[in-house]
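Residue numbers (the working numbering): 2 to 269. Right, one structure below, let's go through it.
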């Protein structure tokens, strides 16, 4: 069967995983969603745009051995092909975050077209990947701006806590501004509730409030609090590799299914 030309023009689909609030399960979601997509034979590239480099180490890459990374990609001293590193997961590759990425926010200020550096660097990836997932830093600075300008869609991990809605409102306003100024096609692909504790009344209240406010933008899948999710990064593995049978792994597999179904509807 011939590929639908409308779908073909969207390959790869670039999804930024963003929330300016730290500690919401952003990197964990990025790593495990990428792993789950690779498990169903999608070719996936993870771009670690967070100076903390947790997506890099969480995929088993030693940052000290990295020779080309997202910093060099952004400043133009390395091509995408030079910066891509293989992981132990078939079908999943990563552009790691080196230690120099911390200074990129300051350096990029003096660059021409500083907001499109990542978009330009990813322009040649169409033949190699089905999905590019960008793990954004927990801030709304130039690195996150680059991710949102490059992306087709945003996936927002949202922790089930008291200030969740207040925090996401800032991100939504930022996305609207970027749509007007740089990337008119940018949309929220979905919001995923993370760190959910069904025994906690607050978690249930926050989940209900988010669903009431954002409607069907919120995924049905909820990522639970799970000790195996917390343990996996210390072993340099996604939880799907560390313990595929735990509740956290199963939730991320379900999330990947939802993401793919939404993508099919978007590209239909």
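Built from N, CA and C at the ideal position, the CB exists for glycine as well.
* Backbone CA spacing between residue 70 and residue 81 [nearest angstrom] -> Rounded to whole angstroms, residue 70 to residue 81 spans 9 Å at the Cα level.
* To do: Measure how close the beta-carbons of residue 96 and residue 120 come, nearest whole angstrom, since I'm counting them as under 8 Å.
  => At roughly 14 Å, the Cβ-Cβ gap does not stay under 8 Å, so residue 96 and residue 120 are not in contact.
* **Alpha-carbon to alpha-carbon, residue 153 and residue 7** => Note that residue 7 scores 39 on pLDDT, short of 50, meaning its location in the model is unreliable; the coordinates nonetheless yield the value given after this. Distance between the alpha carbons of residue 7 and residue 153: 14 Å.
* Can you check whether the CB of residue 219 is closer than 7 Å to the CB of residue 165? -> At a Cβ-Cβ threshold of 7 Å, residue 165 and residue 219 do not count as neighbours.
* Measure the Cβ-Cβ separation of residue 156 and residue 62 and say whether it is below 7 Å. => No, Cβ-Cβ distance for residue 156 and residue 62 is not below 7 Å.
* How many angstroms separate the CA atom of residue 55 from the CA atom of residue 38? -> Distance between the alpha carbons of residue 55 and residue 38 is about 19 Å.
* When the distance is taken between beta carbons, is residue 194 closer than 7 Å to residue 36? -> No, the pair does not count as a contact, with Cβ atoms beyond the cut-off.
* Would you kindly work out how many angstroms separate the C-alpha atoms of residue 234 and residue 147, rounded to a whole number? => Rounded to whole angstroms, residue 234 and residue 147 show a C-alpha spacing of 26 Å.
* Asked: Can you tell me whether DSSP reads residue 113 as helix, strand or coil?
  -> Secondary structure at residue 113: coil, using DSSP grouped into helix, strand and coil.
* Sorted by chain position, which residues of the same chain lie with C-beta nearer than 7 Å to residue 186's C-beta, five sequence neighbours on each side aside? -> Once the five neighbours on either side are set aside, the close Cβ partners of residue 186 are 153.
* Distance, residue 124 Cα to residue 262 Cα -> Distance between the alpha carbons of residue 262 and residue 124 is about 25 Å.
* To do: Using three-state DSSP, classify residue 162 as helix, strand or coil.
  => DSSP, read as helix, strand or coil, puts residue 162 in coil.
* To do: Could you have a look at residue 180 and say whether DSSP puts it in helix, strand or coil?
  => Looking at residue 180 - three-state DSSP - the assignment turns out to be helix.
* What are the residues that DSSP puts in a beta bridge with residue 197? -> Paired residues: 225.
* Three-state secondary structure assigned by DSSP to residue 94 -> The answer is strand: DSSP assigns residue 94 an E or B state.
* Option in 83, 142, 202 and 144 with minimal Cα separation from residue 163 -> Residue 163 has its Cα closest to that of 202, out of 83, 142, 202 and 144.
* To do: To the nearest angstrom, report how far apart residue 221 and residue 191 are at their CA atoms.
  => Those two C-alpha atoms are separated by around 10 Å.
* Please state whether DSSP places residue 281 in a helix, a strand or coil. => No information on residue 281 is available, as it lies outside the stretch 2 to 269 that the chain covers here.
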